[in-house]
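Asks:
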Amino acid sequence: MNIKGVLFDFDGTLTEPGAIDFQAIKEELGCPADETILEYLETQPAARRTEQMKILEQREEKAAEVSRPNQGAEKCVMGLKERGISLGILTRNSLVSVKKSLDKFDSISIDDFFTVITRDVSQPKPNPDGVLRAATEMGLSPSRILLVGDYRFDVIAGKAAGACTALLVTDGRPVMKLGDPEPDYVIAHLEEVLDIV
Ligand SMILES: [Mg+2]
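Under this note's numbering, the residues of the sequence shown are numbered 918 to 1114, in order.
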């Protein structure tokens, strides 16, 4: 498939799932359980949204403090680097939280990633904007990029941008919905990325 770049989702992909309790944050923000937080906040009046964003950022930073590298994450990133694969992170989270979480990794740091695209700089997934932006920054056609993520938004954004996608399923729970695009690969461990690329 001639993959030249790998774009990782952050929470639940490079970090162990479960650090962020989205349901608890939703309750605190008054976001209905079946809606997604960032999209819900977009519908709120500006003043309220500013307040809610502050709460969200606080919760995310707290979660970053207790987050841990996912199994095989460092091995995967280092293995890809050794092969000269360009690496990036694409997340709906903020840059502050990503930096805080990456500080807890032993052998990799933010400098190992050519680009880190957060909601601060692009339309959040499932919008393909961040994938396209990363591809431009990496100087690669989206078709040469593999997007690795643990949620349907990762696959939707990746496919919409024309990238290759790998869905990481660690607990066996289905995350895709009827009508969603099919991921190109379904993997149970991050190290499997090294077999794809
Ligand atoms: Mg995720």
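Just so you know, even glycine gets a beta-carbon here, dropped at the ideal spot from N, CA and C.
#1: Using CA coordinates, which residue listed in Ala964, Thr932 and Ala950 is at the minimum distance from Thr1087?
#2: DSSP three-state label for Phe939, please.
#3: Given 7 Å as the limit, tell me if Gly922 has its C-beta closer than that to any heavy atom belonging to ligand 1.
#4: Taking just the CA atoms, how far does Ile954 sit from Glu999?
#5: Listed in chain order, which residues are found with a beta carbon closer than 7 Å to a heavy atom of ligand 1?
#6: What is the C-beta distance between Phe1030 and Leu1004, in whole angstroms, given that I count them as a contact (C-beta under 8 Å)?
#7: Beta-carbon separation of Leu1085 and Leu1111 under 8 Å?
#8: Quick one: what does DSSP say Phe925 is sitting in, helix, strand or coil?
#9: Drop a sphere of 10 angstroms on the beta-carbon of Arg985, count the other beta-carbons inside from all chains shown, and report buried for 16 or more, exposed for fewer.
#10: Starting from Cys993, follow the alpha helix (DSSP H) in both directions and report where the run begins and ends.
#11: Any idea what DSSP makes of Pro1138, helix, strand or coil?
#12: Near Pro1098, which residues of its chain fall below 7 Å by C-beta distance, leaving aside the five closest residues on each side in sequence?
#13: In angstroms with no decimal places, state the Cα-to-Cα distance between Ile1025 and Pro1043.
#14: How many whole angstroms separate the CB atoms of Gln969 and Leu946, which I take to be in contact at a CB cut-off of 8 Å?
#15: What's the call for Val1038, buried or exposed, on a 16-neighbour Cβ count within 10 Å?
#16: Are the CB atoms of Thr1032 and Ser1011 within a distance shorter than 8 Å?
Replies: By the coordinates alone:
#1: Thr932
#2: helix
#3: Between ligand 1 and Gly922, a heavy atom-to-CB distance of less than 7 Å is absent.
#4: 37 Å
#5: Asp926, Phe927, Asp928, Gly929, Thr930, Gly1066, Asp1067, Tyr1068 and Asp1071
#6: 5 Å
#7: No, Cβ-Cβ distance for Leu1085 and Leu1111 is not below 8 Å.
#8: Three-state result, Phe925: strand.
#9: exposed
#10: Ala990 to Glu999
#11: Since the first residue of the chain shown is 918 and the last is 1114, residue 1138 is not available in this structure.
#12: Val1072, Ile1073 and Lys1076
#13: 27 Å
#14: 5 Å
#15: exposed
#16: no
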